[in-house]
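**Student:** Once you've had a glance at the structure underneath, I'll fire off some questions.
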Amino acid sequence: MIRAVLTGTGSALPARRVSNAELAERVDTTDEWIVERTGIRFRHIAGEGETTATLARDAAVAAIAAAGVTPQDIDLIVLATATPDNTFPATATKVQAMLGINDCVAFDVAAVCSGFLYAVQVADSMIRAGAHRRALVIGAETFSRLLDWEDRTTCVLFGDGAGAIVLEARDSADDNADPAARGILATRLHADGRHNELLYVDGGPSTTGTVGKLRMKGREVFRHAVINLAAVMEEALVAAGLPIEAVDWVVPHQANARILDATARKLSLPAEKVVMTVDQHANTSAASVPLALDQAVRDGRIQPGHIVVLEAMGGGFTWGAAVVRF
Ligand code: UT7
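For the sequence shown, my numbering assigns the number 1174 to the last residue and increments by one with no breaks.
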């Protein structure tokens, strides 16, 4: 059967790295509070000339090189973001132009922090349907530009960055338990719009005519995150026909180290199997999963044949998980 096989990863971060101590000079917070409540130590903040599209392009270039293909080989770009360069056109088309790809399908997906999981399922479906052979799936954000820098309950939590993967149509074994079954084995997505008001941006083109600022009721989001993430990971593994013991790595959305720990405990997953980058990147929304994935691939933790579970949850609420064999 045809599956979408992950053949390359890449990521990019803004040049400027900001410590908790530096933030504490601007808002009423401390390094101790941020580390204890979130695990965050640093975040990267986009500077002049750095945008969601430029970060996405840099991540895409690295992923394309890792896959050993050229930009002209890409026939689909799905870009997940809640911080597009412009309301329209889709940032995916800006990245397409930057890469010099003159004709392919390119569009954005808006599912906030779970955007990358949504984008993966869309690209996987389009590849398995035979419509496309080589997709670039990107998560890219500049949340620093949506933050209320007077609000200590949110501004310390987020950062900017981008991550990308190349998915290629390949012949693969049918049976997921067979090591020859490579690529995306299963995906599961959810949304529950009743929780819109717990995490949202208070502006938009059709309401205020402004960009707006991020607003979050953190404690409530936290509670839902642990329950939903554990459930959707289990669901995706059942769909893949694999037991939790088969999992080599979990690459979670990097919102809060305490959410990662609590979710792993709920599933009896050893903490050593959870890739954690929240300390270095903070919450980069749709970029966080592909950024962490690229790090674990490049430092050699994720190896060919490994079973990797990707998961995320965010505004909407939206949440999802994907099971991949490398
Ligand atoms: O990516 C989308 C998904 N997003 C998430 O998953 C975020 C989920 N939520 C969280 O990660 C956590 O709820 C937070 C990190 C946002 C907050 O941690 P918490 O342990 O839930 O703290 P809290 O909101 O209950 O606040 C505790 C105290 C409050 O003071 P009082 O009311 O107890 O006096 C806050 O005012 O901490 C205070 N506080 C701060 N203090 C110092 C809130 N932010 C700060 C701060 N520095 N930056």
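The beta carbon of each residue, even a glycine, is placed where N, CA and C say it ideally should be.
Just so it is clear, the structure is predicted and the values come from calculations on it, not from any experiment.
How is the alpha helix (DSSP H) around GLY1066 delimited, first residue to last?
**Tutor:** Run containing GLY1066: 1066-1088, per the alpha helix (DSSP H) assignment.
**Student:** Report all residues from its chain with a CB closer than 6 Å to the CB of PHE890; omit the five preceding and five following residues, and keep chain order.
**Tutor:** Excluding positions up to five away in sequence, the list reads ARG865, SER867 and GLN1128.
**Student:** Can you tell me whether GLU884 is helix, strand or coil according to DSSP?
**Tutor:** Of the three classes helix, strand and coil, the one that applies to GLU884 here is helix, per DSSP.
**Student:** When you compare the CB positions of GLY1007 and ALA915, do they come within less than 7 Å of one another, or not?
**Tutor:** Against a cut-off of 7 Å, the Cβ pair of ALA915 and GLY1007 comes out as no contact.
**Student:** Is it buried or exposed for ALA863, if we count other Cβ within 10 angstroms and need 16 for buried?
**Tutor:** Exposed is the call here.
**Student:** What's the gap between the Cα of LEU1077 and the Cα of GLY1168?
**Tutor:** Their Cα atoms are separated by approximately 7 Å.
**Student:** Looking at the unbroken beta strand (DSSP E) that takes in ARG891, where does it start and where does it end?
**Tutor:** Here the beta strand (DSSP E) through ARG891 covers 890-893.
**Student:** Considering VAL1020, what are the terminal residues of the alpha helix (DSSP H) in which it resides?
**Tutor:** In the sequence on display, residue 1020 carries Ser and not Val. From DSSP, SER1020 is part of no alpha helix (DSSP H); its letter is neither H nor E.
**Student:** Leaving out the 5 sequence neighbours to the left and right, which residues in its chain are closer than 7 Å to LEU1037 when beta-carbon positions are compared?
**Tutor:** Same-chain partners within the cutoff: LEU965, TYR966, GLN969 and GLY1168.
**Student:** In or out: MET1180 buried (at least 16 other Cβ within 10 Å) or exposed?
**Tutor:** Within the shown structure, residues of the chain are numbered from 849 to 1174, placing residue 1180 beyond reach of any answer.
**Student:** Name the residue from GLY978, PRO1118 and ILE1107 whose alpha carbon lies nearest to the alpha carbon of ILE1075.
**Tutor:** That would be ILE1107, whose Cα lies nearest to the Cα of ILE1075.
**Student:** Taking the straight line between their C-alpha atoms, what separation do you get for VAL943 and SER1133?
**Tutor:** One C-alpha to the other measures close to 19 Å.
**Student:** What does the Cβ neighbour count give for ASN1104, buried or exposed, with the cut at 16 atoms within 10 Å?
**Tutor:** Buried, since its Cβ has 16 or more Cβ neighbours within 10 Å.
**Student:** Say whether the segment 1136-1154 touches the segment 1011-1021, bearing in mind that this needs 3 or more beta-carbon pairs closer than 8 Å, one atom from each stretch.
**Tutor:** Counting Cβ pairs under 8 Å, three or more are found: they touch.
**Student:** Rank THR1056, VAL1171 and HIS1043 by C-alpha distance to the C-alpha of PHE1070 and give the top, closest one.
**Tutor:** Of THR1056, VAL1171 and HIS1043, the residue nearest in Cα terms is HIS1043.
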